[in-house]
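**Q** Before we start, here is the structure in question, set down as structure tokens.
Numbering (the working numbering), first residue to last: 100 to 734.
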């Protein structure tokens, strides 16, 4: 909540890059990046009660090497020394179908046996129904094949306990972190089908029911020890380990006509990802020249086991998918050096170089071993001609983090999609050049704009694998360009206590499709994303209100035999809050006012997108309005 009020600032959760330091985000806690990965940066921030925060420092450009490389604007949360502070919240939300469900969390900062601890317990249950959902399938000539009326309620529930503990040990500060919990996602997708006709008052011809259950247990522990070793030199040691146990089951039942069982299928998947890393850095945090040197070792693994059986009445039949039972392991080492040179009050120079070697091995249904070596240089120049103006020109080479699930087979019953695993995957690489302008006025107005261009190698896209099945592979090179803008404008000259904020992201790209030979965008890239927020605070009346406007977005997704156009229509959110009652904050929020549509069109090709057009499917989904009542208090 505090960071949401920082003018011209949007939280960067960090990119999905290899290693601990590669995707740090743009928020520090007491000058350091928290040694956590589970739940991400925002989860860690939500553990800290506002009463335990002394201030938020906004840092423009790098002040030290390593922690937030590549960021032009950084927020540093400075915490107080408090004996006891806490916050709790309770929430009730009403979904569009009339269900009411709860959410609750409590955070406590306290001293325990010489340790300063920050603890959080949260749990919630929520339901997201789609209303008036329909699917229309047509053949290549446009003739109606089937019309389906669909119900698609989903339930998400979780409970997590997270804790941080700090104290002085061995002349340095030792910080321990842990997060443990469980999460479940459940989808009940029921469809009534009308073959070759729209609903005309007669009974449906068939029905399809998809019951998808996904649950996982997760645990993560980490230790961070930091000590000043000589003058302004700081030594930091980090160790982290995290594990998940994921179980998924999909049961699909078809009746034709309704009431007459035609076929059933069962898909089960069990995945056990595990990660462990150790990192050591030594850096000079004072003076004009501030170097950092370090090493990192990491081990990742994912054990995947998948089974698919189908029964059309003649007995269960096992369907074999390539690479359905595999173990993927990666051992990676990295050495790096970074530096920040404060050449003058107006000029700051950043530079860095990391060298990485790794080995990825696949065993089980597929066997393969690959070795990789990457150099990751970076450089940036910051120029601050006046107090309220800063320019930054930077370039950086990064290596992406592979999703080990792509090495194994997968199935998605909802869209009748099956993918084979690919044991030959390698990480993608990106070279990014960006120019950032940051403008800040004493009135609180702020504008941060970055224009960038990226060159991407070994882009991950879906193709026809050598085995003949569809799957993800390193499919070639791409170029991406665009800009990001965060703006904040106080409106006190028009509206007392008014504030207008806007976040804008524009993207475009070129990629030579290996299937069709044509140039297209990379998959899942939105054209434009815009969020516009207005808020009016009236402190003397202890009330505030505001709204958020999110215009439509369009996303194109490319599969090996399909092109999908996904849209999210306009969304309006309105809220009002007050601190008048019960010593806390009460907020009432209306989300998806007037409902929000999520249309999608799928185009099918045979045998793949290089072949002939084979038909289409249009899915219309309407998510209604949600009403949320939240009460938050601190102690």
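Idealized CB from N, CA, C, for every residue including glycine.
Treat the numbers as computed from the prediction; the structure is a model and nothing was measured.
Taking only the alpha-carbon atoms, compute the straight-line gap between residue 671 and residue 597 and give it to the nearest angstrom.
**A** 18 Å
**Q** Keeping to the same chain, check which residues put their C-beta closer than 7 Å to that of residue 485; ignore five residues upstream and five downstream.
**A** none
**Q** Just verifying my parser: in three-state terms, what is the DSSP assignment at residue 504?
**A** helix
**Q** Quick check on DSSP: helix, strand or coil for residue 640?
**A** Helix, per DSSP.
**Q** What span of residues does the beta strand (DSSP E) with residue 391 cover, start to end?
**A** 388-410
**Q** According to DSSP, what are the bridge partners of residue 594?
**A** Beta-bridge pairing links residue 594 to no other residue.
**Q** Taking just the CA atoms, how far does residue 469 sit from residue 523?
**A** One C-alpha to the other measures close to 8 Å.
**Q** Taking the C-alpha atoms as reference points, what is the distance between residue 310 and residue 257?
**A** 19 Å
**Q** For residue 533, does the count of other Cβ atoms within 10 angstroms reach 16, so buried, or fall short, so exposed?
**A** buried
**Q** At 3 residues or longer, and completely inside the segment 482-528: list those beta strand (DSSP E) runs for me, N to C.
**A** 488-498, 509-511 and 516-518
**Q** Can you give the beta carbon distance from residue 352 to residue 367, rounded, assuming they're within the 8 Å contact cut?
**A** No, residue 352 and residue 367 are not in contact; Cβ-Cβ is about 16 Å, not under 8 Å.
**Q** Relative to the alpha-carbon of residue 481, which residue among 398, 445 and 185 has its alpha-carbon at the smallest distance?
**A** 445
**Q** DSSP three-state call for residue 143: helix, strand or coil?
**A** helix
**Q** Roughly how many whole angstroms lie between the Cα atoms of residue 243 and residue 649?
**A** Spanning the two alpha carbons is a distance of roughly 34 Å.
**Q** Going by CA-CA distance only, name the one from 221, 240 and 595 that's closest to residue 280.
**A** 221
**Q** Looking only at DSSP bridge pairs, what is residue 153 linked to?
**A** Answer is none; residue 153 lacks a bridge partner.
**Q** Is the closest heavy atom of the ligand SAM to the C-beta of residue 686 under 8 Å?
**A** With respect to the ligand SAM, the structure offers nothing, as it holds no ligand at all.
**Q** What residue range is occupied by the uninterrupted beta strand (DSSP E) comprising residue 110?
**A** That residue, residue 110, is in no beta strand (DSSP E); it is neither H nor E in DSSP.
**Q** For residue 323, count the other beta carbons within 10 Å of its own beta carbon; 16 or more makes it buried, fewer makes it exposed. Which is it?
**A** buried
**Q** To the nearest angstrom, report how far apart residue 245 and residue 694 are at their CA atoms.
**A** 26 Å
**Q** Around the Cβ of residue 476, are there at least 16 other Cβ atoms within 10 angstroms (buried) or fewer (exposed)?
**A** The residue is exposed, with fewer than 16 neighbouring Cβ atoms inside 10 Å.
**Q** Mind the definition here: the segment 312-331 touches the segment 267-277 only if three or more C-beta pairs lie below 8 Å; say whether that holds.
**A** Pairwise C-beta distances place the segment 312-331 in contact with the segment 267-277, as three or more of them are shorter than 8 Å.
**Q** Can residue 636 and residue 643 be called in contact, C-beta distance under 9 Å?
**A** yes
**Q** Can you tell me which residues form a DSSP beta bridge with residue 219?
**A** 206 and 261
**Q** Looking only at its chain, what residues have a beta carbon closer than 7 Å to the beta carbon of residue 287, apart from the 5 residues adjacent to it on each side?
**A** Counting only Cβ-Cβ distances below 7 Å, and skipping sequence neighbours, we find 252 and 310.
**Q** Going by DSSP, what residue range makes up the beta strand (DSSP E) through residue 283?
**A** Its beta strand (DSSP E) spans residues 271-294.
**Q** Do residue 506 and residue 560 have their CB atoms nearer than 9 Å?
**A** Contact: no.
**Q** So which of 706, 654 and 731 has the shortest CA-CA distance to residue 681?
**A** Cα-wise, what sits closest to residue 681 is 731.
**Q** Near residue 566, which residues of its chain fall below 7 Å by C-beta distance, leaving aside the five closest residues on each side in sequence?
**A** 421 and 519
**Q** Assign residue 456 to one of two classes, buried (16 or more other C-beta atoms within 10 Å of its C-beta) or exposed (fewer than that).
**A** Classification of residue 456: exposed, given that the 10 Å Cβ count is below 16.
**Q** Which residue from 190, 271, 521 and 294 puts its Cα closest to that of residue 329?
**A** It is 271 whose Cα lies nearest to the Cα of residue 329.
**Q** Which residue wins for smallest C-alpha separation from residue 269, given the options 315, 335 and 232?
**A** Residue nearest to residue 269 within the set 315, 335 and 232 is 335 (criterion: CA-CA distance).
**Q** Is it the case that the Cβ atoms of residue 535 and residue 554 are separated by a distance below 9 Å?
**A** no
**Q** Less than 9 Å between the beta carbons of residue 673 and residue 646, yes or no?
**A** yes
**Q** Suppose the cutoff is 7 Å on Cβ atoms and the five residues either side in sequence are ignored; what does the same chain contact list for residue 599 look like?
**A** Excluding positions up to five away in sequence, the list reads 588, 590 and 633.
**Q** Say whether the segment 228-244 touches the segment 177-186, bearing in mind that this needs 3 or more beta-carbon pairs closer than 8 Å, one atom from each stretch.
**A** no
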